[in-house]
Amino acid sequence: MEVERRTLREKQVAARDLLRGDLEGEDLERYVEERVLTTTFEKMIDVARANSIFPLTFGLACCAIEGIPMAAVTSRYDIARFGAEAGRASPRQADLMVLSGRVSVKMAPIIRRLYDQMLEPKWVMAMGACSSSGGMFANYAVLQGADKFLPVDIYVPGCPPRPEAVLYGFVKLQHQIIGNADQGWRQRYDAYGTEEWARGGPRSEPSPEAARAYEEARELSLA
Amino acid sequence: MPDAPGLELIRGEIDRDCPGAVLATSFDRGQAALIVDPERVLEALRWLKDEPGQRYDFLSSLHAADYLPAEPRFGVHYELINRDRVERVRVKAMLADPGEELPEIDSCVELFPTAEAQERETYDFFGIVFRGHPNLTRILMPDDYVGWPQRRDFPVGGEPVTFTYSEQRFD
Amino acid sequence: MTDAAVSTELGLGEDRTKEVMTVNVGPHHPATHGVLRLVVDLEGEIVRELRPVIGYVHTGIEKSCEDKSYWKVIPFVERMDYVSYFFQMEAYCGAVERLIDLEIPPRAKYLRTLFLELNRIHSHLVWLGTTALDLGAISMLWYCFRERDKILDLFEMATGQRMHTRYFQVGGVIEDIPLGFEAKCRAFAEEMPVRVGQYQDLLDRNEVFLSRTKGTGIVSRERLLELGVTGPLLRAAGEPWDLRKVFDYLAYPEVEFKIPVGTVGDNYDRYRVRVAEMVESARIVEQCLDALPEGPFIADDRKYVLPPRSELSTSMESLIHHFKLVTEGYRVAPGEVYYSIEGPRGELGCFVLADGSAKPARVHFRDPSFVNLQAFREMALGSYVADMIASLGMLDPILGGVDR
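Residue numbers (the numbering used here), protein chains in the order written: chain A, 520 to 742; chain B, 23 to 193; chain C, 8 to 411.
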């Protein structure tokens, strides 16, 4: 579809004519075409959701000081520019749970209960190395990764990740919500087939070779 | 802290008042320690706290250490401070592992109320029972946890890292 | 109408307003600083009994430390009390230096003191921001974190990381401060008292703040001493006990600073003591910059300290030392040491037991928040829930240190 660009003066004249009720026929149709955007209802809702996420004010440990409850909210790394400064303490009113810190064995059932209390749609960001995969603490007291009991949408590595990294992860999450998770790079680099087989999620069937190789690798490491 | 002769003076005086409570003294790397008999630890602590010349009335820390494979296995440490003369002294009580049951020692909560949470923590991590403690339950681990994590023969835990299918490829 | 009359009017039988209700101020709560769980027995709004339940961020750091060589323990212990990370590094490195009897050079002493005091200001800023937020003075969070970001810029300039910098090593510090650091730090130290003055203008004589903090959460000085409480809580109650003045360590004997001491011991005194400490710490930072001596920033003993990288390509001996230190680490003769310093919350002590191998046999931290939490019950009993929250803020617990 070609778009004919008109000068500002022409557009102003057309606007004046509309207000006077003088635009007719083809001019009127063209005027409307220039100003109306059609989309689907779902997409619009997704865009609205992405740009007004309410994070759950939930900090576990060190990452909380650098992450969503604290540094990312304050003036230098403002998260309000992404529409997410309204942190809600109650899980019933929150959309995004940021697991900022190490998940200890005693805390895990509570986090699971908080997650269950959140209403759909909800997202989880595993911030920092400890909630992504246990971090440096490979011992009896820390769960090796929050994805052992929660579905995690985005992982932000770092110990602790800089607030800019958290915001980058946040923006990536926004892209996921809008439906454009990989932003076209799989197509650009012809990288279909490299998706890791994760738990659930769309297009997540592993190929038989991948599944077999995974099982063998697991056996090797547990032997 | 009291230097080596000062420590021996303290030992001499405490031997005079509570004979047999102190088993040995140790002055290592500038820190003075009295090794006491675990059955008489309350007596020694009370003497150190109340005796007019000593007055070590601030318990800075109560913790334990597992000296495996040396026997006796557990050492309960009391770090005491005299705030007027600014001196530190350590009291160590060595407990042996009775095998099936848990080692026991008297609780010093009446002398030093600060010991309440610290004794619970020692119980939680080593399984050392403090007789007379008002509420000896686990404090940091979940209530139904089995095992004494800080003992030397308790494994560190964690799990092996599993890689995905690429591990086979780059073997 | 009296409460009893209301109860009978509504046909409730006995006086229901005297019923005691147990409420769980759970681990997830906007006002608990971290994952602290309080089981509170409330009679109306008055707190009758309070039981803190902790352990929700227990990380087993002390156990993990037994598995690592002495050098590798440093990043682990940093992450205990995650707001005052330099203090944990200093407690551990100081303990190990006493175990191996290693003397650190004077420049390292001053650098360590400088960073410790910057970290103290950082910790107090985080405390002030979050506590004022809890009490309703919401904009204080943004002002305090603006200053905090400046301190973190200084840390990043010197060490490369904002938090958990791994800067102190056994024997000194890992790297010297870069060019431009001194000017930036001096500018910050000059600006800090001005900013603190602005915070005081906001809060000191604010009627709401005063009515929430004056006269609440009082525990007597003797009771605090019995409970083992140290730090600004004890100083607010009138006891001038500060380990920096009492046990001379690092460069504290050579710098001049005052210790703010309160009178009554209520929440307002605690607030004033910490705010005054921020100003004193800025003074110490300036004095350290003025008196920073030239010289090496880490000890020379290659048995325990990594050689500089520039030597690795020329000297075979350095290469061997480096290899040995990085793979196995150094062995420490059997012995035990308890070393304590004054952290922003109180006495932070580190106990290291060495058994002759390259890994410590026991590393235990006497964390100030863990011991101070025992005083919380006495602060909150008999007062309203709102006063309990104010006391919790002024108590300044950091649950990473409490749970380790």
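No residue lacks a Cβ here, since even glycine has one placed at the ideal position from N, Cα and C.
Check, Outcome
"Stretch-stretch touch, CB-based, cutoff 8 Å, three pairs: the stretch 155–168 of chain B with the stretch 391–399 of chain C", "no"
"For A:K667, three-class secondary structure by DSSP", "helix"
"Helix, strand or coil at B:V111 [DSSP, three-state]", "strand"
"DSSP-derived helix/strand/coil call for C:N213", "coil"
"Stretch-stretch touch, CB-based, cutoff 8 Å, three pairs: the stretch 325–335 of chain C with the stretch 23–42 of chain C", "no"
"Bridge partners - C:E343, DSSP secondary structure assignment", "C:L360"
"Any C-beta of chain C under 7 Å from that of B:V111", "no"
"Chain A residues whose Cβ lies nearer than 8 Å to that of C:K70", "N658, Y659 and A660"
"DSSP-derived helix/strand/coil call for C:G179", "strand"
"CB of C:A368 within 7 Å of CB of C:G336, strictly", "no"
"Beta carbon of C:L299 nearer than 7 Å to that of C:Y174", "no"
"Buried versus exposed call for C:N31 [16 or more other C-beta atoms within 10 Å across all chains shown]", "exposed"
"Top-ranked residue by Cα proximity to C:L360, from C:E104, C:D276, C:Q381 and C:R279", "C:E104"
"Cβ contact check for the stretch 242–259 of chain C and the stretch 189–197 of chain C: 3 or more pairs under 8 Å", "no"
"Three-state secondary structure (DSSP) of C:V46", "strand"
"Run of the alpha helix (DSSP H) containing A:Q693, from where it starts to where it stops", "P682 to I697"
"Chain-ordered neighbours of B:G149 on chain A, where CB pairs are closer than 8 Å", "Within 8 Å Cβ-Cβ: nothing; B:G149 doesn't reach chain A, min ~15 Å."
"Beta-carbon spacing of C:G238, C:R119 below 7 Å", "no"
"Extent of the continuous beta strand (DSSP E) run through B:A87", "F80 to D88"
"Buried/exposed call for C:R277, threshold 16 Cβ in 10 Å", "buried"
"Interface partners of A:Q663 on chain D, CB under 9 Å", "No chain D appears in this structure, whose protein chains are A, B and C."
"Within-7 Å CB hit, C:V359 to chain A", "no"
"A:S623, DSSP secondary structure in three states", "strand"
"Alpha-carbon spacing of C:A115 relative to C:L319, whole angstroms", "23 Å"
"Residues near C:G143 by beta carbon distance below 7 Å, same chain, minus five either side", "V215"
"C-beta neighbour in chain B for A:K625, strict 7 Å", "yes"
"Close beta carbons around A:K691, own chain, < 7 Å, minus the five adjacent residues each side", "I673"
"Whether B:L31 touches B:V113 by CB criterion (7 Å)", "no"
"For A:Y659, the nearest candidate out of C:G67, C:N379 and C:F372 (CA to CA)", "C:G67"
"Collapsed DSSP secondary structure at C:Y391 in the structure displayed", "strand"
"Proximity of C:L402 and C:F383 at Cβ, strictly below 7 Å", "yes"
"Whole-number beta carbon distance between A:L579 and A:G620, since they are thought to touch under 8 Å", "3 Å"
"Run of the alpha helix (DSSP H) containing B:Q140, from where it starts to where it stops", "A137 to F148"
"Beta-carbon spacing of B:V98, B:A115 below 7 Å", "yes"
"Beta-carbon proximity list for C:W134, same chain, < 6 Å, skipping 5 on both sides", "D403"
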